[in-house]
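So that you can map any letter, position 366 of the sequence shown is 366 in UniProt numbering, and since no number is skipped, the others follow by simple counting.
Let me begin by presenting the structure, written as structure tokens, before commenting on it.
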Amino acid sequence: MAKVEKELQQIQTKKVKMTPSEAIVETLVAEGVKHISGILGSAFMDMLDLLPEAGIRFIGVRHEQSAAHMADAYTRVSGVAGVVIGQNGPGITNMVTSVAAANQAHTPMVVISPSAGTPTVGWDGFQECDQVSVFKAITKETVRVTHPSRVADCLRTAFRIAYAERGPVLFDIPRDYFYGELEDVILEPHQYRVDNRGCGSLELIDKAVELLSNAKNPVIISGRGVVDSDGIEAVKEIAEHLTTPVAVSYMHNDAFPANHALAVGPIGYMGSKAAMYALKDADVVLAIGTRLSVFGTLPCYDIDYFPKQAKIIQVDINPRNIARTHPVEVGIIGDANAASVEIAKRLKERTPNLAPNQETLRQVAELKAQWEKELVDLAMVDGNPINPRRALLELTKALPENTIVTTDIGNVSSTANAYLKFNNGRQHIAALTFGNTGFAYPSALGAKLANPNSPVVAIVGDGAWGMSLHEVSTAVEENIPVVACVFNNHAWCAEKKNQVDFYNNRFVGADIQNPDFAEVARSMGAVGVSVDQPEDLGPAVQKAIESGKPTVIDIHVDGTQLAPPFRKDALKMPVRLLPKYAHLDHRNW
């Protein structure tokens, strides 16, 4: 051990001779990388050979899209940038969807992208692709290795930008650059990147404090930045001092404790009516660690809740997000936790003896009670065989306190936004605004790798499950015991609802024929369970978690009990001008 430590210290203090593969791997070790996801390929096999000795676990997935979803969730739970790799050409391009999702989710990630060898570039050789051009629009940066001697430097740059700009970075290296010799120093992360940006302008924080102190109906929106910066306690201090309701941003239900007296739940599609009614009358909105996305602030349940006249204080670490979608009164570029700590401190100095506002507490409790009753009433409507809302209700009741839940996109997965409640951060891992299916299950694998001691449950529709069930083999092979709750309604129901509301129940491509998902899971070495009675779901979930084995629960739900359309704002009733299509015109129904 002493010899290994001496060698490590040596390569961290002076230049030593090594191969490019060794320089890459040692930089990953310095960055605290514990695993890399992907599918093996000849392009990076020289580097791959080093990983076991370096203490880095290679997770071989069945499809490269899953690798980046795994890395995305791993980062959201652990705070450490995930790393993925694949064969040049199709291996890397298979990651486009999941890297784009991570980019919109602001998740630091490094994509090690072997590319065609330099002697053959431009000859349209086997598996050649200009990967840099492909990924430019969906990453924070594409870093090209221009010479084998620069591999460690370029990889450091990739990590620096990934953390600083909160998103994926492509590290593109010609496959012949893994070989050869170089002399370099392996630096520690503190020598080449700094993450702490502080609380932002004190002058603007004072202005924010003044607005909040004088507000009659302030409301806080807590977002992903609060979770990433471990700022929940500081946000609680602000809320408790002002007796201010706290909503959480779309699909970040873990950004404030649901059991807190001032918590009103999530805004956005299928969010909480309690949050929406609390926000509707706000005169000052403190938005912390959220970009206030367009989709996440659209009217829902026919409630146009986002206040038009409220003065907005927006805190975000990325200046690009300030006032991007809503005009602000005060914009603070800073770390969500540090800014919240400073705001709380100055509020207490300005108004030291504020008593809790009992009327606000009463109103919040009443709004929450009304919404909770509505959720339960909707869930208890009979379904054939199970009302999807009833399944969500029974599922959430059965989950242990520390469960991490990953959610896909789709009808049931999105309805889960109303039912999921968390009391700690880093527990809700959702597909977010890129909105691609096939996210939840590989993300569950990544979340479990990041936090092996917490149960991890994926909420997946049957359509999305068709895009991810192959990774059950990965879960079994790598012994990653996550529970997939597959809501089986034999249709792409989010889109089917559009055909119900806008196309007179004309279904094209909406219905799907599924195998027995429980039987398929068993054939892959996992536990498979079918549930068609609501009272059986809670015990099935509890047993699956206790088993410590990869489990698939095939939940048969009613395909006619559907949530409102996702994009009601973007659809119109169909008009047809050609005579042969006249009967499809909504005016002729």
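Just so it is clear, CB atoms sit at the ideal spot from N, CA and C, and this is done for glycine as well.
Closest by CA to Val194, which one among Arg156, Leu211, Val185?
The option with the nearest alpha carbon to Val194 is Arg156.
Can you have a look at Ser340 and say buried or exposed, based on whether 16 or more other CB atoms are within 10 angstroms of its CB?
With 16 or more Cβ atoms within 10 Å of its Cβ, Ser340 is classed as buried.
C-alpha distance - Val121 paired with Val145, whole-angstrom precision:
Each residue's CA atom was taken as its position, placing Val121 and Val145 some 14 Å apart.
Taking the alpha carbon of Gln127 as the point to measure from, which residue in Gln87, Ala440, Ala278, Lys397 has its own alpha carbon closest?
Measuring from the Cα of Gln127, the nearest candidate turns out to be Gln87.
Which residues in the same chain have their Cβ closer than 8 Å to the Cβ of Trp371, if we skip the five residues on either side of it in sequence?
Taken in chain order, the residues that qualify are Gly265, Ser272, Lys273, Ala274.
Could you give the first and the last residue of the continuous alpha helix (DSSP H) run that contains Ile343?
Where Ile343 is concerned, the enclosing alpha helix (DSSP H) stretches over 336 to 350.
Cβ shell of Val575 (< 8 Å), same chain only, five flanking positions each side left out
Same-chain partners within the cutoff: Asp585, His586, Arg587.
Proximity of Lys368 and Ala263 at Cβ, strictly below 9 Å
It is a contact, given that the beta carbons lie within the stated cut-off.
Have a look at Gly538 and Val132 and give me their C-alpha separation to the nearest angstrom.
The straight-line gap from Cα to Cα measures roughly 47 Å.
Limits of the unbroken beta strand (DSSP E) element including Asp516
Careful: Asp516 lies outside any beta strand (DSSP E) and carries neither H nor E.
Coarse secondary structure for Ala510, derived from DSSP in three states
DSSP places Ala510 in coil when its eight states are reduced to three.
Exposed or buried, Val508, counting other C-beta atoms within 10 Å across all chains shown (16 or more means buried)?
By the 10 Å Cβ count, Val508 comes out exposed.
Please go through the same chain and pick out, in chain order, the residues whose beta-carbon is closer than 6 Å to the beta-carbon of Gly200, but skip the five residues on each side of it.
Excluding residues within five positions, the ones whose Cβ falls inside 6 Å are Ile332, Ile333, Gly334, Ala339.
Would you report the Cα separation of Asn451 and Ala430, rounded to the nearest angstrom?
If you take the alpha carbons of Asn451 and Ala430, they lie about 16 Å apart.
Please report the distance separating the alpha-carbon of Leu395 from that of Lys543.
About 12 Å.
What do you get for His565, buried or exposed, if any count of 16 or more other CB atoms within 10 angstroms of its CB means buried?
According to the sequence as given, residue 565 is Pro; it is not His. When all chains shown are included, Pro565 counts as buried.
Alpha carbons only, please: which of Glu181, Ile404, Ala100 is nearest the one belonging to Gly167?
Comparing Cα-Cα distances from Gly167 to each of Glu181, Ile404, Ala100, the minimum goes to Ala100.
Rounded C-alpha distance that separates Asn488 from Leu204
When rounded, the distance between both Cα atoms is 51 Å.
Own chain, CB closer than 6 Å to Thr297, minus 5 neighbours either side, in chain order:
Only Phe306 meet the Cβ criterion.
Should Thr118 be labelled buried (16 or more other beta-carbon atoms within 10 Å of its own) or exposed?
Exposed: under 16 other Cβ atoms inside 10 Å.
Alpha carbons only, please: which of Asp176, Asn498, Ala494, Trp465 is nearest the one belonging to Ile555?
Residue Trp465 is the option with its Cα nearest to Ile555.
Is the beta carbon of Ala137 closer than 9 Å to that of Gly125?
Taking the C-beta atoms as reference points, Ala137 is found no nearer than 9 Å to Gly125.
Mind reading off the beta-carbon distance from Ile386 to Pro515? Whole number of angstroms is fine, and I expect it under 8 Å.
That pair is no contact at about 19 Å.
Out of Thr415, Gly180, Gly32, state which residue places its alpha-carbon closest to the alpha-carbon of Pro388.
Each of Thr415, Gly180, Gly32 was checked against the Cα of Pro388, and the nearest Cα belongs to Thr415.
Cutting at 8 Å between CB atoms, please list the residues of its own chain near Gln499, excluding the five before and the five after it.
By the criterion of a C-beta distance shorter than 8 Å, Gln499 is surrounded in its chain by Asn505, Arg506, Phe507, Val508, Ala510, once the five residues flanking it on both sides are discounted.
Whole-angstrom C-beta distance between Ala81 and Val37, which should lie under 8 Å
At residue 37 the sequence reads Ser, which differs from the Val that was named. Contact flag wrong, Cβ pair sits at about 13 Å.
Three CB pairs or more closer than 8 Å across the stretch 14 to 30 and the stretch 172 to 191:
Inter-segment contact for the stretch 14 to 30 and the stretch 172 to 191 is present: three or more beta-carbon pairs are separated by less than 8 Å.
Buried or exposed for Gln427, going by 16 or more other Cβ atoms inside 10 Å?
Burial call: buried.
Which same chain residues, not among the five before or five after Ala215, have their C-beta less than 7 Å away from its C-beta?
In the same chain as Ala215, and ignoring 5 residues on each side of it, the C-beta atoms closer than 7 Å to its own belong to Asp283, Val284, in chain order.
Reference Arg150, options Glu329, Asp130, Ala234, Tyr177, closest by Cα
Of Glu329, Asp130, Ala234, Tyr177, the residue nearest in Cα terms is Tyr177.
State the Cα-Cα distance for the pair Ala95 and Ala68, rounded to the nearest angstrom.
The identity of residue 95 in the sequence shown is Met, whereas the question assumes Ala. C-alpha separation (whole angstroms): 7 Å.
Quick check on the burial criterion: 16 or more other C-beta atoms within 10 angstroms. Buried or exposed for Trp492?
Looking at its Cβ environment, which holds 16 or more other Cβ atoms inside 10 Å, Trp492 is buried.
For Gly231, I'd like the list of residues in its chain whose CB is within less than 6 Å of its CB, leaving aside the five on either flank, ordered along the chain.
Here the set comprises Ala336, Asn337, Ser340.
Give the DSSP bridge partners of Lys311, in chain order.
Beta-bridge pairing links Lys311 to Val284.
Buried or exposed: Asn479, going by 16 or more other Cβ atoms within 10 Å of its Cβ?
Exposed is the call here.
Do Val83 and Gly446 have their beta-carbon atoms positioned less than 9 Å apart in this structure?
No, the pair does not count as a contact, with Cβ atoms beyond the cut-off.
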